[in-house]
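So for the sequence shown, my numbering puts the first residue at 67; every next one is plus one. Read the structure below first, then the notes.
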Amino acid sequence: MWMHVLCLGLFAAAPQGAEPRPATPAASVVEERLAAWPALDAAGRRLVGDAVERLTAARTEAMAESGRVDLVALGEGAAPKLLEALGKARDEATRARIGAVLDELTAPRHTALLAAEFDHTKHAVRHYCLWRVGVLGDARLASAAEAALGRAAARIAKAEAAGTRGEADLLDAKAERLAAALACAGTGSVAGFDVLLEHAAAHWSDFADDARRALRGVKGPAATAILVPKARGGAGKARIAALWLLAAAGEGPAAVDAAGALLDEDDTSTRIAAINVLRALVDGEAPIDNLSVFEGIELAKRWKERLR
67 MWMHVLCLGL
77 FAAAPQGAEP
87 RPATPAASVV
97 EERLAAWPAL
107 DAAGRRLVGD
117 AVERLTAART
127 EAMAESGRVD
137 LVALGEGAAP
147 KLLEALGKAR
157 DEATRARIGA
167 VLDELTAPRH
177 TALLAAEFDH
187 TKHAVRHYCL
197 WRVGVLGDAR
207 LASAAEAALG
217 RAAARIAKAE
227 AAGTRGEADL
237 LDAKAERLAA
247 ALACAGTGSV
257 AGFDVLLEHA
267 AAHWSDFADD
277 ARRALRGVKG
287 PAATAILVPK
297 ARGGAGKARI
307 AALWLLAAAG
317 EGPAAVDAAG
327 ALLDEDDTST
337 RIAAINVLRA
347 LVDGEAPIDN
357 LSVFEGIELA
367 KRWKERLR
């Protein structure tokens, strides 16, 4: 409720006929990008194997936590051992523990090292590295992400041709295609937008945070040109998904007009998604994902007044 009160305060202070704010130029910072994982010292090399074992073969939560603590203390040099363990892990719980530690250890400076694993022999490693690069972003890796998307599509076709014998491979390949589509977005390519839209329509709540981070990499006219027609001409979940992506990746008057045209929609979810596009593109505000019907109607009225 407090977010709603804050939002109303912002509207009260806003001028009539507000135009989208121009994007604030990013600081000109050249980020370090590593060409190799840092080597562990002798003590680290002795400890890393035991720490990975405690994390992956944990019989208790305390055992897993002790492995996590030691691996985080060892730092980014432990990542190769974790990626190796990820490829060997036999269950989803173990893969999730490994992925959580890798998330703590990896940052934008590691994107090229992660991209080197886009065609790893193990699905779990490919999936993690693609997804992580999507979230972290790196415009220099767009061609690598697009190539990974193509390989995932080929794996899907092969699994589909195998019929029931390929069902497990098909699930893995579809998950990998989604990760590759996310990597494309994070590196500035719209190549996987159809995949992102399909997944967003079905699983947005589990996907939103990472999708919004990745979509920063492709924000601009190319994404807007794809999403505006889908927001204007679509229906149901497909249109709502287009609005969700438009809030993160759209820009300019066409995107604002498309959202503004939906403020009178009877469907509450569509109206709220349109409000969130306007919040993002006009005011640079984060989305409000939980609005009551009444709050949505009131905010829609205020936005219509602003956009006159």
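Glycine included, C-beta positions come from ideal geometry on N, C-alpha and C.
Meets three-Cβ-pair contact criterion under 8 Å: the region 281 to 297 and the region 209 to 221:
no
inquiry  = Extract the residue ranges of the alpha helix (DSSP H) inside the region 250 to 316, only unbroken runs of 4 or more that lie entirely within it.
reply    = 259 to 281, 287 to 299, 302 to 315
Note to self: Let me check understanding here. Comparing Cα to Cα, which of Ile341, Pro353, Asp349, Leu347 lies closest to Glu364?
What the structure shows: Ile341
| Which term fits His189, buried or exposed, when burial requires 16 or more other beta carbons within 10 angstroms of its beta carbon? | buried
Please classify His269: is it buried, with 16 or more other beta-carbons within 10 angstroms of its beta-carbon, or exposed? exposed
Complete alpha helix (DSSP H) runs within the region 159 to 208 (minimum length 4 residues, chain order)
As far as the region 159 to 208 is concerned, its whole alpha helix (DSSP H) runs of at least 4 residues are 177 to 181, 189 to 202.
Let me confirm a value: Arg125 is counted as buried when at least 16 other C-beta atoms fall within 10 Å, else exposed. Which label applies?
exposed
message = Which residue marks the beginning of the alpha helix (DSSP H) containing Thr334, and which one marks its end?
response = 334 to 349
Buried or exposed, going by whether 16 or more other CB atoms sit within 10 Å of the CB of Asp355? Its Cβ having fewer than 16 others within 10 Å, Asp355 is exposed.
Under three-state DSSP, which class holds Glu331? Three-state DSSP puts Glu331 in coil, outside helix and strand.
**OP:** To the nearest angstrom, report how far apart Arg368 and Val256 are at their CA atoms.
**Re:** 33 Å
Three-state secondary structure (DSSP) of Leu106: coil
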